[in-house]
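Data first, discussion second: the structure below is written as structure tokens.
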Amino acid sequence: VHLPVAGRDSLDPAFTRLQLAGLARHIDAEVLRFSRDEALSLLTSVLPAREAGQVADYAQGWPFALQLARLCAAGQVPGQGTGLDWEMDPRARIPRRQVFEYLAREVIGRLPPVLRTFLDDVAELDTIDPALADAMRDCNDSLVLIRQLVQLKPVVTVDESQWRARLQPLMRDHLLDSAAPAVVARRASLRLRAAQHLAQHHQWHEAVSHAVAAGQLDIAADLIEQAGAVRLFADEGALRTRLLIGQLPEATLRRRPRLRLLRLGHLLAERNPAGVVQEFTRIEGLLRDSGGVADPVVHAELELTRCMLLIHQSERDLRFAPWSALAEGHRLGRAEALNDARMLAITLALELLFLHRYGPYERAERRTREIEQLHLQGAYTFNSPWLWIYRARNALAQGRLDDAERTLLETLPADTIYVNFRQDSLGQLVQ
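According to my numbering, the sequence shown is numbered sequentially starting from 1332.
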């Protein structure tokens, strides 16, 4: 006799003894979760491939949502609209109203008030981490509450090794859309505390995102400056830096000379546009008039951007001597190396670009070794592909073409930063 039993509660010791005896099998939410391929197999008979992929990504394997989407799609008459009374999410063809009603009645409605309040407070988080949740809620019981979320599989996924949780996208959207006015009113303060906690742990992108969402644009700008402004090129890379400042409106950037320098540096690194010399002159004038140049941090960032501007000038000036400006940047970088190695990492990289053009190549080898040492210390995290470029260009400059080609073909395809963060200037150097 095979007896199937369904329930919502955790297993008790009696069932565990049956499992150990080989008399029972436990089929939980993770076993029932569809893989992406399984979801596509279910949906492609009633939806085009692109829309099936959207539904699969949004449902994240939740059988209830997938089956409901399939049934609703199968009931459509082609060319005549849906004819169904549902609210369509723009990213997918899941009938969210029906899903939300189910969540409200069968999931949220069964929770104790303290757990419901907790979910309302942390719904904005991509990953619900105990320390972050405690900080944003100004409490110390988040770990206990996250442990209770295990019962909500599959609409909540809990990593029990670190006790971190992620809300299924439909569950998260339901909590955000159905929040009471009091919950909405306190979300700004919750996100601001989250931003402050994340900044303390140098998670700058997430911190700035929460500050912007809280409507605190000046605090978001302060966080980017606190993170290092122009120096972020060393550890965040050009593309991640662009994403960081891209969260702020133009009006906020214009009021911040350090952030204008950061944006100018990004333009120089990626697009080499016209007008950058004039913009640098304006920023330098603003800093001089306000006395900002007297600040050692601001002065170092100004000189660092001046070094970056040399690349732009070298393409246009007939008579060009970058060495004095590079020497000043290099001096400032070495002076700060013990406190912040990022400025030295950038000036070494800029010097290498000129050494590869003009020599001497022996110095280029030495500078490459210095940058590699900085990379080992963690100051060059998101710029790892450039290390392979420097090695290849060193070999190219010395006529070792096979070594240069081997370095590029064997290392770059295996570098996840190169694969995931395509950078125009780096790609041009590879070519």
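All C-beta atoms in this analysis are idealised placements derived from N, C-alpha and C, irrespective of residue type, glycine included.
These numbers were taken from a predicted model, which means no experiment stands behind them.
{"Asked": "6 Å Cβ shell around Asp-1416 - same chain, five flanking residues per side excluded", "Found": "With a pLDDT of 42 at Asp-1416, under the threshold of 50, the modelled position of that residue is not reliable, and the figure given next carries that caveat. Hits under 6 Å: none found."}
{"Asked": "Neighbourhood of Arg-1524 by C-beta distance below 6 Å, restricted to the same chain and skipping five residues each side", "Found": "Ala-1466, Met-1467"}
{"Asked": "Three CB pairs or more closer than 8 Å across the segment 1593-1610 and the segment 1556-1563", "Found": "yes"}
{"Asked": "Cβ neighbour criterion (16 or more within 10 Å) applied to Asn-1725", "Found": "buried"}
{"Asked": "In DSSP terms, what Ala-1510 is bridged to", "Found": "Paired residue(s): none; Ala-1510 is not in a bridge."}
{"Asked": "CA-to-CA distance, Leu-1584 to Asp-1368, given in whole angstroms", "Found": "44 Å"}
{"Asked": "Cβ neighbour criterion (16 or more within 10 Å) applied to Gly-1406", "Found": "exposed"}
{"Asked": "Through-space distance from Arg-1694 to Pro-1461, alpha-carbon basis", "Found": "49 Å"}
{"Asked": "Alpha-carbon spacing of Val-1438 relative to Gln-1499, whole angstroms", "Found": "13 Å"}
{"Asked": "Arg-1517 vs Ala-1544 beta-carbon contact at 8 Å", "Found": "no"}
{"Asked": "First and last residue of the uninterrupted beta strand (DSSP E) at Ala-1496", "Found": "1495-1498"}
{"Asked": "Pick from Ala-1582, Val-1629, Gln-1557, Glu-1610 that is closest to Gln-1534, judged by C-alpha positions", "Found": "Gln-1557"}
{"Asked": "Separation of Val-1386 from Tyr-1711, as counted between CA atoms", "Found": "38 Å"}
{"Asked": "Cβ neighbour criterion (16 or more within 10 Å) applied to Ala-1345", "Found": "exposed"}
{"Asked": "Proximity of Leu-1681 and Leu-1641 at Cβ, strictly below 8 Å", "Found": "yes"}
{"Asked": "Own chain residues within Cβ distance below 8 Å of Leu-1686, not counting five before or after", "Found": "Tyr-1692, Arg-1694, Ala-1695, Arg-1698"}
{"Asked": "Close Cβ partners of Leu-1378 (< 6 Å) along its chain, the five nearest in sequence each way excluded", "Found": "Ala-1404"}
{"Asked": "Close beta carbons around Ala-1676, own chain, < 7 Å, minus the five adjacent residues each side", "Found": "Ala-1565, Ile-1702, Leu-1705, Ala-1710, Tyr-1711"}
{"Asked": "CB of Leu-1483 within 8 Å of CB of Phe-1449, strictly", "Found": "no"}
{"Asked": "Minimum length 4: unbroken alpha helix (DSSP H) runs contained in the segment 1559-1595", "Found": "1563-1566, 1568-1576, 1581-1585"}
{"Asked": "Bridge partner(s) assigned by DSSP for Ile-1459", "Found": "Ala-1496"}
{"Asked": "Nearest neighbour of Ala-1735, chosen from Tyr-1721, Ala-1582, His-1536 [CA to CA]", "Found": "Tyr-1721"}
{"Asked": "Cutoff 6 Å; reference Pro-1485; Cβ partners in own chain excluding five residues on either side", "Found": "Ala-1360, Arg-1364, Trp-1393"}
{"Asked": "Cα-Cα separation, Pro-1580 to Arg-1587", "Found": "12 Å"}
{"Asked": "Contact under 8 Å by Cβ, Glu-1601 with Ala-1569", "Found": "yes"}
{"Asked": "Nearest-angstrom Cβ-Cβ length linking Gln-1708 and Ala-1668, presumed shorter than 8 Å", "Found": "So it is not a contact: roughly 10 Å between Cβ atoms."}
{"Asked": "Classification of Thr-1636 by the beta-carbon crowding that lies within 10 angstroms, buried from 16 upward", "Found": "buried"}
{"Asked": "Three-state secondary structure assigned by DSSP to Asp-1452", "Found": "helix"}
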